[in-house]
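Chains D and F supply the protein sequences, listed in that same order. Each residue of the first sequence is one higher than the one before, counting from 293 in the numbering used here. Each residue of the second sequence is one higher than the one before, counting from 32 in the numbering used here.
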Amino acid sequence: MRGLLQLTIMSFKLYLREPIATFFTLAFPPLLVLLFGAMYGNDPDPMYGGYGTMDITMPAYTALILGTIGLLGIPITTSGYRELGVLRRFRATPMRPLTYIAADLLTNLTMTLLGMAILIGVGWALYRVRFEGQVLSVFVAVVFSGLTMFAVGYLIASLASGARTAQVIGMVIFYPMMFLSGASVPLEVMPEGVRRISDFLPLTHVVTLLRGLWFGEGWGEHLTEVFILGAIFVVGAGLAARFFRWE
Amino acid sequence: MSVVIEVAGLYKSYEDVVAVDDVSFEVHEGEIFGMVGPNGAGKTTTIECIEGLRQRDSGKVNLFGVDPDVSRAEIAERIGIQLQESALPARIRVQEAMSLFGSFYTSRADSGELLDRLGLTEKRSAAFSKLSGGQKQRLFIALALVNQPEVVFFDELTTGLDPQARRAMWDLVCQIRDEGHTVFLTTHFMEEAERLCDRVLILDHGKIVALDTPEALISSLEMEKRIVLTLPGAPQELPLSDLPQVNRIERSGDRVVVYGHGERFAGPVITALERAEIDFLDVRTEQPNLDDVFLALTGREMRE
Ligand SMILES: Nc1ncnc2c1ncn2[C@@H]1O[C@H](COP(=O)(O)OP(=O)(O)OP(=O)(O)O)[C@@H](O)[C@H]1O
Ligand SMILES: [Mg+2]
Chain D
293 MRGLLQLTIM SFKLYLREPI ATFFTLAFPP LLVLLFGAMY GNDPDPMYGG
343 YGTMDITMPA YTALILGTIG LLGIPITTSG YRELGVLRRF RATPMRPLTY
393 IAADLLTNLT MTLLGMAILI GVGWALYRVR FEGQVLSVFV AVVFSGLTMF
443 AVGYLIASLA SGARTAQVIG MVIFYPMMFL SGASVPLEVM PEGVRRISDF
493 LPLTHVVTLL RGLWFGEGWG EHLTEVFILG AIFVVGAGLA ARFFRWE
Chain F
32 MSVVIEVAGL YKSYEDVVAV DDVSFEVHEG EIFGMVGPNG AGKTTTIECI
82 EGLRQRDSGK VNLFGVDPDV SRAEIAERIG IQLQESALPA RIRVQEAMSL
132 FGSFYTSRAD SGELLDRLGL TEKRSAAFSK LSGGQKQRLF IALALVNQPE
182 VVFFDELTTG LDPQARRAMW DLVCQIRDEG HTVFLTTHFM EEAERLCDRV
232 LILDHGKIVA LDTPEALISS LEMEKRIVLT LPGAPQELPL SDLPQVNRIE
282 RSGDRVVVYG HGERFAGPVI TALERAEIDF LDVRTEQPNL DDVFLALTGR
332 EMRE
């Protein structure tokens, strides 16, 4: 895996130089905390099992970050690189394709964790948000959910002809999920009919899994989510590997 | 001289076009080998089949005795590639690109010195997207040399460069060859092939039209050479018709074009004029070049 470290560091720097992507990963979720925190505060609410709006917002916005990166960031960047010939240039070196993918995954996971850190920092500073789970468990769940979303992102990148198409496909998939999965608006406030649709959206299961583990539930209580996300990962990654093109 | 690239019966087609049709040649260690031909001749297809970036339909390709379709990884380490079309991430800086690409190889050139040789030192902190076309081209050439490759491939070496940068590039390529590397390049410019290459392969419609040293290609045509002179107030009868090297003379006013042949053709013409005390101005000899070779072999101009 020669070049993996250098490539990861470089892609990380390049990510931070991309103002729009950086804004949506690092700044947008804390801004939502400021906005909705001002509107709803963080008082315990029986509707949310005794937690406050800002408490349950932490795992939800984490899912939002994963969705943004996986369904918009990865497809747009990857198919843009292919369209322009950046991937071609990499392929002309001895660097292995797997190294490129690994560096990209590492970069995006690191950005997710960084986004989470800022989000939780703001939540803690303003609302003393609660965390009752195990750090390692939540970390594993974030990585697992991330790989699922990123696999879908690579699949979009594989099927799209260019950056524009990738952006359109990503938005068509992501925007309904953004509002209907509980990632930005809690499902508890949604009417029954909407919640039935939510069950079919992958991001809903990310939100449910993260929120459960966040507040101390065990993996055993979330086998459905693990199974569904696992299946999406296997199918997404398999199809992406099958259809991915370097040029 | 040992053979580093061996191509035999290379054939490659896309849906409905045959891009490369039964092409065979060898490239020797330490030479500058050039492939010229008009747009769509199949140059890029050929060079990328050798680099292992495209898969041939049939035929044999060996690089260092290894088939690029079988063990690309091994070959990639020992070659440098400048692609006709590629890009880097918009915000990567010149210096960063050099060290990133360097990190993919075991053997590494001094990237500061490379940037210096390519006139990019001032641009080392500039983002890729802020470079001019010619600067991008020079960066890609630097990247092709970042691993001190045994064989370096340049697809359209000087496209996008101004005449001064082009000449500097020719010097650089000669230096690279003199340092013991083998150079395989493609170009549209016949002049470039003629000035730079030890051997030239002329490709047209996916087939080899000719392959030899530029000198041999030109002299094989046995084409007439020309001397163009201005002779103010010269007598009607010029003392040139009797010279054995002269074939014919064309005259319009003061301008005279003398057609002839032979290694030393200009000398006797000048001597004869001086002996007859005829004043002459603006002597210019016109040699046939590779453009004429292409025209003679294909019946078409290079650029149409
Ligand atoms: N990826 C491709 N798919 C389909 N046809 C292709 C592809 N690449 C090249 N061709 C066709 O193959 C032929 C040879 O193309 P190639 O790029 O090898 O020519 P070239 O000599 O490099 O041309 P140029 O001087 O314009 O770079 C052309 O007719 C071209 O249209
Ligand atoms: Mg070409």
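Glycine included, each C-beta is placed from N, C-alpha and C at the ideal position.
- The nearest non-hydrogen atom of ligand 1 is less than 6 Å from the C-beta of V48/F.
- Taken in chain order, the complete alpha helix (DSSP H) segments of 4 or more residues contained in the region 447 to 499 of chain D are 455 to 472, 484 to 490.
- In its chain, beyond the 5 residues on either side, D235, V240 have a beta carbon closer than 7 Å to the beta carbon of T329/F.
- Boundaries of the beta strand (DSSP E) harbouring S89/F: 89 to 94, taken from the DSSP string.
- A residue is called buried when at least 16 other Cβ atoms come within 10 angstroms of its Cβ; I301/F does not meet this threshold and is exposed.
- Residue contact with chain F for G377/D: present (Cβ-Cβ distance below 7 Å to some residue of chain F).
- Secondary structure remark: continuous alpha helix (DSSP H) runs of at least 4 residues inside the region 140 to 177 of chain F, in chain order: 142 to 148, 164 to 175.
- Within 6 Å of the C-beta of T75/F there is at least one heavy atom belonging to ligand 2.
- With a threshold of 7 Å between beta carbons, F325/F makes no contact with chain D.
- When secondary structure is reduced to three states using DSSP, D347/D falls in the helix class.
- Of all residues in the region 98 to 121 of chain F, only A104, A107, E108, I112, L114, E116, S117, A118, L119, P120 place a beta-carbon less than 8 Å from a beta-carbon of chain D.
- Bounds of the alpha helix (DSSP H) holding L379/D are 378 to 383.
- The beta carbons of A475/D and L327/D sit no closer together than 7 Å.
- If you draw a straight line from the Cα of Q298/D to the Cα of G528/D, it comes to about 27 Å.
- When DSSP states are grouped into helix, strand and coil, L262/F belongs to the coil group.
- Proximity of L306/D to chain F, defined by a Cβ-Cβ separation below 7 Å, is satisfied.
- About 5 Å separates the CB atoms of P386/D and E108/F; that is less than 8 Å, so the two are in contact.
- Counting only residues of its own chain and dropping the five nearest sequence neighbours on each side, L379/D has a CB closer than 6 Å to the CB of Y373, W538.
- Take D243/F, set aside five residues on each side of it, and the residues of its chain with a beta-carbon closer than 8 Å to its own are R230, V231, S251, in chain order.
- A Cβ of chain F is located within less than 7 Å of the beta carbon of P386/D.
- At a cut-off of 7 Å, the C-beta of G295/D has a neighbouring C-beta in chain F.
- For R380/D, the chain F residues whose Cβ falls inside 9 Å of its Cβ are L84, L114, E116, S117, A118, in order along the chain.
- F215/F is outside the set of residues whose beta carbon lies under 7 Å from a beta carbon in chain D.
- For L131/F, the chain D residues whose Cβ falls inside 7 Å of its Cβ are Q298, L299, M302, in order along the chain.
- The three-state reading of DSSP puts E82/F in helix, counting H, G and I together.
- Annotation for Y290/F: no alpha helix (DSSP H) segment contains it, though the beta strand (DSSP E) segment containing it runs 286 to 291.
- Relative to the non-hydrogen atoms of ligand 1, the Cβ of G71/F comes within a distance shorter than 6 Å of at least one.
- The straight-line gap separating the alpha-carbon atoms of R139/F and Q166/F is approximately 22 Å.
- For the options P338/D, L397/D, R420/D, the alpha carbon positioned closest to that of V481/D is the one of P338/D.
- For R309/D, the chain F residues whose C-beta falls within less than 8 Å of its own C-beta are R122, listed in chain order.
- Placement of the Cβ of Q168/F at a distance of 6 Å or more from every heavy atom of ligand 2 is found.
- Annotation for Y45/F indicates a beta carbon within 6 Å of some heavy atom of ligand 1.
- When C-beta atoms of the region 309 to 325 of chain F are compared with those of the region 218 to 225 of chain F, three or more pairs fall below 8 Å, so the two segments count as touching.
- Take the alpha-carbon of M129/F and the one of A247/F: they are about 40 Å apart.
- Residue environment for P494/D: buried (at least 16 other C-beta atoms within 10 angstroms of its C-beta).
- Residue burial is scored here from C-beta neighbours: H292/F has fewer than 16 other C-beta atoms within 10 angstroms and is therefore classed as exposed.
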